[in-house]
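Last residue of the first sequence? That's 1476 in this note's numbering, and every number before it is there in order.
Cβ atoms here follow ideal geometry from the backbone N, Cα and C, with glycine treated the same way.
This structure is a prediction, so every number in the text was calculated from the model and none was measured.
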Amino acid sequence: MLNFKKEISNAIAQTTNIEETEIYSYIEVPKETKNGDYAFPCFKLAGKLHKSPMDIANEIKQNISLDENIIEKVEVVSGYLNFFVNKKCLARIVIDELKNTSEYGKSNIGKGKNIVIDYSAPNIAKPFHIGHLRSTVIGGALYKIYKYLGYNTIGINHLGDYGTQFGKMIEGYTLWKDEYDLQKDPINQMMDIYVRINNLCKEDEAVLERCRNNFKKLEDGDKYCTEVWEKLKALSLKEFERVYKLLDCQFDSWNGEAFYSDKMEEVINILSRTGKMHESQGAQIIDLEDKGINTPIIIKKSNDSTTYATRDLAAIMYRARTYDFDKALYVTSYEQSLHFKQVFETAKLLGLDEKYTNGLEHVSFGMVLLPTGKMSTREGTVVKLEDLLNEAMDRASKIIEEKNPGLENKAEIAKRVGIGAVIFNDLYNNRIKDEVFDWDTILNFQGETGPYIQYTFVRTNSIIEKAGVDIKNIKVSEEYLQDEDSQNILKLIYSFEDVLKEVTDKNEPSILSRYLISVAKAYSTFYNNNKVIVDDAEIKNTRLFLTHATGKILETGAKLLGIQMPDKM
RNA sequence: GUGCCUGUAGUUUAGCUGGAUAGAAUGCAAGGCUACGAACUUUGAGAUCGGGGGUUCGAAUCCCUCCAGGCACACCA
908 MLNFKKEISN
918 AIAQTTNIEE
928 TEIYSYIEVP
938 KETKNGDYAF
948 PCFKLAGKLH
958 KSPMDIANEI
968 KQNISLDENI
978 IEKVEVVSGY
988 LNFFVNKKCL
998 ARIVIDELKN
1008 TSEYGKSNIG
1018 KGKNIVIDYS
1028 APNIAKPFHI
1038 GHLRSTVIGG
1048 ALYKIYKYLG
1058 YNTIGINHLG
1068 DYGTQFGKMI
1078 EGYTLWKDEY
1088 DLQKDPINQM
1098 MDIYVRINNL
1108 CKEDEAVLER
1118 CRNNFKKLED
1128 GDKYCTEVWE
1138 KLKALSLKEF
1148 ERVYKLLDCQ
1158 FDSWNGEAFY
1168 SDKMEEVINI
1178 LSRTGKMHES
1188 QGAQIIDLED
1198 KGINTPIIIK
1208 KSNDSTTYAT
1218 RDLAAIMYRA
1228 RTYDFDKALY
1238 VTSYEQSLHF
1248 KQVFETAKLL
1258 GLDEKYTNGL
1268 EHVSFGMVLL
1278 PTGKMSTREG
1288 TVVKLEDLLN
1298 EAMDRASKII
1308 EEKNPGLENK
1318 AEIAKRVGIG
1328 AVIFNDLYNN
1338 RIKDEVFDWD
1348 TILNFQGETG
1358 PYIQYTFVRT
1368 NSIIEKAGVD
1378 IKNIKVSEEY
1388 LQDEDSQNIL
1398 KLIYSFEDVL
1408 KEVTDKNEPS
1418 ILSRYLISVA
1428 KAYSTFYNNN
1438 KVIVDDAEIK
1448 NTRLFLTHAT
1458 GKILETGAKL
1468 LGIQMPDKM
């Protein structure tokens, strides 16, 4: 697709003898449309050329040669050169691109690159609660977006399926399995067992010892313990998959922590050969103070067992070998910042290619808090994710009953709208921000929300349906796309690919969410000011195409966030 | 105490690789459906960009400092 910025920077570079890439990096998009579509701030060159910005602007304007059919006007305003894109040209290239590709914005810039995304990672035998939502949804969106840009993307669910807690679960299961019906309500039943065995452990040291021993046996591959562990794991996964299905989330690997239990020895061997690992208070640690990290990393505890840091190191080695990753993203809350700093620094000692250690990145996000503070499993204040999703669907159902009771397929639509609202809400702000959980905020369907985007999409569909034309075979004329409302939409559609690139540059899905809002808003404004189905066939077809294009972008963008579009709502 | 993060209308926030008059949404006030869907839209009021210093032609953005809140700080993951 024609790149306007490049056209401009190229032309400026020719008149100034300054590197085009430098010029390119200075070009910006003005906030106000009256200042053009692109602007070049001449202040940037004032020092270099020893001239005033005003003079530079005027000189460039006089000498620059630009194709009028691409850039139709250049203006000098207080040290800025403002460029106005040829409206027909913009319309033409967007139309052509939309007509020629089935998946707009899709690219191959990621071709040949492997991206590992470690996300979601709930704990087996524990409830999947709203604290897990963010990792799942942020990671899920990044997974889809990288894929769309041509990257070979590997989604990993690094399940929490390891540790003494499973020794306890095995013990509890063995003692009381006949009292519970694990098939019926597995997670709650397992939670009960977990709480009960924990209490028993506190009272009876012998039980605790048996639990520790169970875990040891599990590690050593004991048949019974492994069987129980696998049973509990399978029960949990069955529940998790229900949620993943609702959230449209996929994984290529379900290798949890336990998967690395036999891969840590190599890590420990390599690290001990570096001479940096040493004994301290009975544990094996590595000091990282010279790297600006004042807390050492623990490789082995004083009781000789490993830590999650050791497992993460083993995972890095395994993933480097298995997936040959260019980037490995860890989507977890910022509480784990120090942990990943330590792990990534220590990974440099493993003798891996720099490609791998440079590709490690912690994609951190803020915490979900309750109005009363942090969630606590012990105090029973956790909000289960499935409850939230069910509530969202219920609320969507009620609104459908109120607004559109005759709708077909109401349950499916309520699902898409309700879940869409929840996902969008979570992806709407910068991921680093904390979020205070509030039912009314998360299930709000008005304003800048998922349902707003869905509603706009549904409306585009409904117009096209009403017009009853074959959108693929209509004649579109850029003649009728020169008004401000149409141009605003076209500019947004034009920038779709750049938006996706920015999302992957920053690993920030909210950029896409916000973009979709502006597309929906631009269309709503257009819609309110212009009638689409008019008598003049050419105008009608052109506007129908613009309507169709908007719907396409909204649908594609939403899908990349994990949000399904309803056809009606 | 040390390190990291956050602080922008009443509320939730965008902008943070310096650039033109700090954009939205929500709530509040007023308008728009015999219309291609009002889960929409138009307008209005509402901001000492946490405080203070500095760098710069130019600072919400960079630097210093202080204040407030959060997170982490060796054997839980």
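When beta bridges are read from the DSSP output, Ile1061 appears opposite Val1023. Nearest in C-alpha terms to Glu975, of all of Cys996, Ala1303 and Cys1108, is Cys996. Residue range Leu1292 to Lys1310 is occupied by the alpha helix (DSSP H) that includes Met1300.
Cβ-Cβ distances below 6 Å link Gln1191 to Met1184, Ile1206 and Lys1207 in the same chain, with the five nearest sequence neighbours on each side left out; the list follows chain order. Between Gly1258 and Asp1233, the beta carbon gap of about 19 Å keeps them out of contact (Cβ cut-off 8 Å).
By the neighbour-count definition (other C-beta atoms within 10 Å, threshold 16), Glu1078 is a buried residue.
Measuring C-alpha to C-alpha distances from Ile1016 to each of Lys955, Ile1031, Leu1407 and Asp1099 identifies Leu1407 as the nearest. For the pair Ala1321 and Met1300, the Cα-to-Cα distance works out to about 5 Å. Secondary structure note for Asn989: its beta strand (DSSP E) is the uninterrupted segment Tyr987 to Val992. With contacts defined by Cβ atoms closer than 7 Å, Tyr1050 and Thr1060 form a contacting pair. The beta carbon of Ile919 sits closer than 7 Å to the beta carbons of Ile930, Phe947, Ile967 and Ile971 from its chain, once the five residues preceding and following it are set aside; these are given in chain order.
Contact check between the region 1351 to 1360 and the region 1459 to 1475: three or more CB pairs, one atom from each, fall below 8 Å, which counts as touching.
A direct Cα-Cα distance of roughly 22 Å separates Gly1325 from Ile1052. In this structure, Phe911 lies away from Gly943, with their beta-carbon atoms at least 7 Å apart. Residue state for Glu1342 is assigned as strand, using DSSP reduced to three classes. Distance between Leu1295 and Met1076, taken at the CA atoms: about 27 Å.
Ala964 has its alpha-carbon roughly 6 Å from the corresponding atom of Val983. Buried is the label assigned to Ser916, since at least 16 other Cβ atoms lie within 10 Å of its Cβ. In the three-state DSSP reduction, Ile930 falls in the helix class (H, G or I).
One Cα belongs to Ile934, the other to Ile1193, and the distance between them is close to 47 Å. A direct Cα-to-Cα measurement between Phe1272 and Ala1048 gives close to 14 Å. Between Thr1449 and Thr1367, the C-beta gap is not smaller than 7 Å, which leaves the two residues out of contact. For Glu1186, the enclosing beta strand (DSSP E) stretches over residues Met1184 to Ser1187.
According to the DSSP assignment, Pro1093 belongs to the alpha helix (DSSP H) that extends over Pro1093 to Glu1110. Glu1315 and Lys1475 have their C-alpha atoms some 9 Å from each other.
Approximately 13 Å separates the beta-carbon atoms of Pro1029 and Met1098; this is outside 8 Å, ruling out the contact.
For Lys1317, the closest C-alpha among the options Ile1177, Val1329 and Arg1302 is that of Arg1302. In terms of Cβ geometry, Gly1074 and Arg1119 form a close pair [threshold 7 Å]. Here Tyr1167 is buried: its Cβ has 16 or more other Cβ atoms, across all protein chains shown, within 10 Å. When secondary structure is reduced to three states using DSSP, Asn1351 falls in the coil class, being assigned neither helix nor strand. When beta bridges are read from the DSSP output, Glu1164 appears opposite no residue. Pairing Glu1298 with Phe1364 gives a Cβ-Cβ distance that is not under 7 Å. In the structure shown, the three-state DSSP call for Asn1015 is coil.
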